[in-house]
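As structure tokens, the structure follows; a few thoughts come after it.
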Amino acid sequence: MWVTALLVGAAIIGVYAFDLPDLVHAALYTAVSAAAAVTVFVAVRLHRPRVRLGWWLLGAGQAAATCADGIFFGWPALVAPLPFPSVADAFYLAQYPLSAAGLLLLVRSRTPGWDIPSIVDAAIVTASAALLSWVFLITPAAASGTTLAGSVVAASYPASDLLMLVVAARLLLGAGDRPVALRLLAGYLAALFTADALYALQVNAGTYQAGGRLDLIWMASSTLLAASALHPSMRTVDVQAPAAPPLVSSPRLALLAGASVLAPATLVVQHVREAPLHVYLVASTCAVLFLLVVARLGHQVDVQRQLAITDGLTRLRTRRFFDETLDIEVGRAERDARPVALLLLDVDHFKRINDRYGHGVGDLVLVEIAERLRKCVRTGDVVARYGGEEFAVLLPGASPVDASMIAERIRAAVEATPIAVPGDTSITTTVSVGVATLPANVSTSSDLVLLADKLLYTCKEAGRNRVATPSGLFTR
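Numbered according to numbering that gives the first Met the number 0, the sequence shown spans residues 0 to 475.
Here is the structure:
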């Protein structure tokens, strides 16, 4: 159905492009706008998305625009020339807060928490757009009005677009999948903003003519909204998104770079045009953009650091991070005269699991063991993936007795419950654990690792599923 909506809309737009009587143009334009509003309401009943109110509000915004169109075209034909401002402007302006509220509900559903990268990115785009809107649209529109009411209403159109852009940027730059319905919705917003901006520029220049080519873009926006609502994927637009992707894509980087240079570019354009420079506003916007970019870079550095120290499969710390932390904790233990313990664990017969069930199942086993490790250690302990199926646990302040108890707790937790894997299969696995403590057993970090590793393989030789300590005690 969504393809049909696009084709029918395109056909009507094609007909509208011909030189037809004004009454026919008005009928075609209003029909497309009304059809889009009705389509949204019908699609909500048809697809039943989770956040129906968001789509209802988008439909209500389109319905408000349809009412405005009816007044805009019908009043001059039936009554008298339409004054400015008029009741039509009230309906036109009502479209923006209604649609913005609908988009905001979709945003909150997709990202209920604080998606900091997307918020900063949206703020960068919005700050640049706000400057352009103020310099090229809002200020000239306010100056063009012959009355105070006319000036306020004229300036309200680009200001309303800006309000809607704030929410739209947050939606489109947020985390999550981009289903076809969301892409069509982005097309609707892009066409609407483009048409509105061109309308404001033409009005300010005194060149706007009702029924001109500009109407084609507004009609295209209505058609895209209808297609977005009819597409089956509209029910997934409001699905909660996972965390934001850690890396900045090339298109997003290009968008942010372009938005960041718009402020100084505006100053140059105004200077060439010998128009008001708005120096304070441009300088303030540059400062805001600079701070936002710095904040974005700072967050990206934190993300990269987390990626560097986090194992991609188990989400435990990496061996490099563990080795660095081990040296730090050993140094702190020597200064504060307190113990530090090290556990080295190896999954027993892990090669058999990979050979029998495949590496995918082997990965699931490692992930589950990592989760059990997290639950067995104390706050402040460091758990890392040390090798393929080998793990390490650093226990600051743990005595030999404490370390042995934690090691036995880990061994028992891994053995106690079989690990469920796809295919209605459960795998029972065990681990062998070597325990070493400083300064009770050794005096350096390298000796601590060597001793724990030696004790680990002593467990293996003794039959696996054991905990080995320097005292020679094996438990099972």
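All C-beta atoms, glycine included, are put in the ideal place defined by N, C-alpha and C. The structure presented is a predicted model; accordingly, all values stated were derived computationally and were not measured.
Nearest to Val-152 (by Cα), restricted to the options Leu-315, Ala-199, Leu-450: Ala-199
Local conformation of Pro-417 per DSSP, three classes: coil
Alpha-carbon spacing of Met-0 relative to Val-302, whole angstroms: 42 Å
C-alpha distance - Tyr-187 paired with Leu-224, whole-angstrom precision: 5 Å
Spatial distance of Val-376 from Val-441 (CA atoms): 22 Å
Buried/exposed call for Leu-191, threshold 16 Cβ in 10 Å: buried
Boundaries of the alpha helix (DSSP H) in which Ser-283 is found, first to last residue: 278-308
Presumed contact (8 Å Cβ cut-off) between Ser-159 and Tyr-207, rounded CB distance: Ser-159 to Tyr-207, Cβ: 17 Å. No contact.
Spatial neighbours of His-277 in its chain, beta-carbon cut-off 6 Å, leaving aside the 5 residues before and after: Val-134
Where Glu-460 falls, given that 16 or more other Cβ within 10 Å makes a residue buried: exposed
Cα-Cα separation between Leu-162 and Ala-99, rounded to whole angstroms: 7 Å
For Ala-99, three-class secondary structure by DSSP: helix
Sequence ranges, beta strand (DSSP E) only - wholly within the segment 59-93, length at least 3: none
For Arg-316, three-class secondary structure by DSSP: strand
Distance, Thr-436 Cα to Pro-469 Cα: 9 Å
CB-CB length for Asp-237 against Arg-109, believed under 8 Å: 6 Å
Those residues which DSSP pairs with Ser-395 across a bridge: The residue you asked about is not Ser; residue 395 is Pro in the sequence shown. For Pro-395, which the question treats as bridged, DSSP gives the partners Val-339.
Cβ pair Val-179, Thr-125 closer than 8 Å: no
Sheet register partners of Val-384 (DSSP bridge): The residue you asked about is not Val; residue 384 is Arg in the sequence shown. For Arg-384, which the question treats as bridged, DSSP gives the partners Phe-390.
Neighbour-count burial assignment, Ile-368, 16 or more Cβ in a 10 Å radius: buried
Bridge-paired residues (DSSP) for Ser-431: Asp-345
Boundaries (first-last residue) of the alpha helix (DSSP H) holding Ile-216: 213-229
Assigned exposure category for Thr-29 - 16 Cβ within 10 Å defines buried: buried
Simplified DSSP state of Leu-437, which is helix, strand or coil: strand
Thr-206 - DSSP class collapsed to helix/strand/coil: coil
The segment 417-436 contacting the segment 393-407, beta-carbon criterion three pairs below 8 Å: yes
In DSSP terms, what Ile-424 is bridged to: According to the sequence displayed, residue 424 carries Thr and not Ile. Note: Thr-424 sits in a beta bridge opposite Val-420.
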